[in-house]
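Chains as they are written, first to last, in this note's numbering: chain E, 308 to 481; chain L, 20 to 125.
Worksheet: one structure, shown below.
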């Protein structure tokens, strides 16, 4: 067992435990904070996959923006569910059984593939994640220019929709 | 030196935890958190298979990276719109329990 494997196991354990706490904690604010830890662990997993760019993007987008947004939403809707009473609905047992069955199914299907035990070696830098090539591919009309533009339009639409939904247009007009 | 299976099992576990959160939580914000976990596990899968492909074929491949970037974009858009919907529903109904938002029920 190499050092990298031990590091991966520690990161994976932290991530999975905090993900379990995200879905099981009674206090929704604590769940939001556990989510931050879980996303941080996922960012470290990206780093072990030699995609440092995505680790940085994960920290910027998920931990910087999305977690802040979720924490704001939790604070704005705080007094509704006073962290008392059951936080999960009646079907939680069924949900747990379903998730476990799905996990077992995933594992069985994955482990039947004979290449699954391939060791992911360190790929040389020339073939690795090449940010310059990624940037060129994103603006290449033969490459991914159209998905790139569609993604920006999607972000713009989400921006407009979020502003429209949260502002009380009818009330401000009258 | 990490086997590919570790990443795949890890992301499957993360996906199932997120799925359990989506199915079992009452609070709408907590449901969104479960969706975030599921999206993250998908990105881990994409990047693991990207690494595998580059290692086996010894060739540069950009599609998985672009796909992962688009997942990030979609996740950001989804969270923004979802939280806006939740706050809008909270203003109207004073409740963010998913079971209470049943106005559209016949």
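Yeah, the Cβ is synthetic: ideal placement off N, Cα and C, and Gly gets one too.
Under the criterion of beta carbons closer than 8 Å, residue 92(L) and residue 462(E) qualify as touching, at roughly 6 Å. Counted as a single uninterrupted DSSP element, the alpha helix (DSSP H) harbouring residue 454(E) occupies residues 452 to 473. Annotation: the continuous alpha helix (DSSP H) that includes residue 83(L) extends over 82 to 112.
At least one C-beta of chain E is nearer than 8 Å to the C-beta of residue 91(L).
Bounds of the alpha helix (DSSP H) holding residue 64(L) are 47 to 76.
Residue 366(E) sits in a helix when the DSSP states are folded into three classes. Chain L places a beta carbon closer than 8 Å to that of residue 368(E), counting this residue as a contact. Counting other Cβ atoms within 10 Å of its Cβ, residue 81(L) reaches 16 or more and is therefore classed as buried.
Of all residues in the stretch 23 to 39 of chain L, only 23, 24, 25, 26, 27, 28, 29, 31, 32, 33, 34, 35, 36, 37, 38, 39 come within less than 8 Å of chain E when Cβ atoms are compared, listed by chain position. When rounded, the separation of the alpha-carbon atoms in residue 34(L) and residue 309(E) is 27 Å. The criterion of a C-beta distance shorter than 8 Å is not satisfied by residue 367(E) and residue 85(L). Residues of chain L whose Cβ lies closer than 9 Å to the Cβ of residue 344(E) do not exist, since the nearest Cβ in that chain is about 12 Å away. If you draw a straight line from the Cα of residue 24(L) to the Cα of residue 353(E), it comes to about 15 Å. Of 425(E), 370(E), 313(E), the smallest CA-CA separation from residue 68(L) is found for 425(E). The Cβ of residue 57(L) sits no closer than 8 Å to any Cβ of chain E.
For residue 40(L), the enclosing alpha helix (DSSP H) stretches over residues 23 to 43.
Going by DSSP, residue 401(E) is part of the alpha helix (DSSP H) stretching over 399 to 419. Contact with chain L is found for residue 425(E), since one of that chain's Cβ atoms lies less than 8 Å from the residue's Cβ. Restricting attention to 323(E), 471(E), 360(E), the CA atom closest to the CA of residue 345(E) is found in 323(E). When only Cα atoms are considered, residue 437(E) and residue 49(L) end up about 36 Å apart. Annotated three-state conformation of residue 116(L) is strand, per DSSP. Residues of chain L whose Cβ lies closer than 7 Å to the Cβ of residue 439(E) do not exist; the shortest such Cβ separation is about 11 Å. Within 10 angstroms of the beta-carbon of residue 456(E) lie fewer than 16 other beta-carbons, which makes it exposed. Residue 72(L) does not reach chain E, its nearest Cβ partner there being about 10 Å away, counting only Cβ pairs nearer than 7 Å.
Pairwise C-beta distances place the stretch 367 to 378 of chain E out of contact with the stretch 398 to 405 of chain E, as fewer than three of them are shorter than 8 Å. Non-local C-beta neighbours of residue 83(L) in its own chain, meaning closer than 8 Å and more than five positions away in sequence, comprise 65, 66, 68, 69, 72, ordered along the chain.
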